[in-house]
Amino acid sequence: MENTPRPTTSEEATIQVLLVEDDERLARLTARYLQEHGIIVTVSASGTDALLQTSRHTFDVILLDLMLPGRDGLEVCRELRTRTDVPIIMLTARGEEADRVLGLESGADDYLPKPYSSRELLARIRAQVRRARGKVGPTSHPVQAGRLVLDPRSLSASLDGKPLSLTTYEFSLLRVLAERAGRVLSREQLLDLVKGSADEVFDRSVDVHIFRLRQKLEVDPRNPRLLKTVRGAGYMLATEAEAEP
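In structure tokens:
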């Protein structure tokens, strides 16, 4: 079911959110709060319906419950990632680090354990939208690091002239590394530099996103030459000379 909020002229009025939640009461309360703040909310009660909605409509953010009837949130997230880079925030009562990592590995951009604060959820939605629309970070000019080129205005990236399919968080992470190519950045530094709001709250999330980036950047992700690990220190995007065998 689709709900249209009261008219407003704020930027947030243009945000379209798909809320996938089978708890009718929680879905109703969450949708009402978001609508009161100018968000347009569509609610789905199952993974199957969520996939149908995303094939018919364009959303700015998907709020995806992990525990769903039929197809669970992880399965839905994986399928969505085969056809869209829309930001996905996983919502679940399973808040252990292993569960959060599993959600990120499935393609989620952020993770919020239940019970969550509606105010924090709104902040995370807006942060994801700012990132997706290229409004995070002080620079908007193209960034080039060797064979890699990133355009913050269009959120597009290419390697050797071939386009890369990146989520908004992957783009932001790669951009931070490219702007500091040849410099080692710790997990903590990456978290501080990438997030636009309270997006990533544990350092292992960086490892998951680095793993996903390597799948898209490297010929052999297990032996990376471009996106390197510096043991005990962090990660580094190699300069052209450093990337050579």
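If you use UniProt numbering, the sequence shown closes out at 245, no skipped numbers anywhere.
The beta carbon of each residue, even a glycine, is placed where N, CA and C say it ideally should be.
Being a predicted model, the structure only gives us computed values, none of them experimental.
{"query": "Residues that Pro113 bridges to, as DSSP identifies them", "result": "Thr92"}
{"query": "Residues near Pro142 by beta carbon distance below 7 Å, same chain, minus five either side", "result": "Val149, Leu150, Asp151"}
{"query": "Cβ pair Val76, Gly47 closer than 7 Å", "result": "yes"}
{"query": "Rounded C-alpha distance that separates Arg126 from Leu63", "result": "12 Å"}
{"query": "Coarse secondary structure for Asp99, derived from DSSP in three states", "result": "helix"}
{"query": "Cβ pair Ala98, Lys114 closer than 7 Å", "result": "no"}
{"query": "Test item: CB-CB of Gly107 and Ser186 under 7 Å", "result": "no"}
{"query": "Member of Ser158, Ile89, Asp192 whose CA lies at the smallest distance from the CA of Glu21", "result": "Ile89"}
{"query": "Cross-strand partners of Val43 (DSSP beta bridge)", "result": "Leu19"}
{"query": "Rounded C-alpha distance that separates Leu174 from Glu120", "result": "26 Å"}
{"query": "Among Ile39, Arg71, Arg32, Ser55, nearest to Ala45 - alpha-carbon criterion", "result": "Arg71"}
{"query": "Contact check, Leu159 vs Arg147, beta carbons under 7 Å", "result": "yes"}
{"query": "Beta-carbon spacing of Ala145, Leu217 below 7 Å", "result": "no"}
{"query": "Through-space distance from Arg131 to Arg32, alpha-carbon basis", "result": "24 Å"}
{"query": "Contact check, Pro224 vs Arg214, beta carbons under 7 Å", "result": "yes"}
{"query": "Uninterrupted alpha helix (DSSP H) stretches inside the region 170-243 (no shorter than 4 residues)", "result": "187-194, 204-217"}
{"query": "Arg153 to Arg133 span [Cα, whole Å]", "result": "8 Å"}
{"query": "Where Asp151 falls: helix, strand or coil (DSSP)", "result": "strand"}
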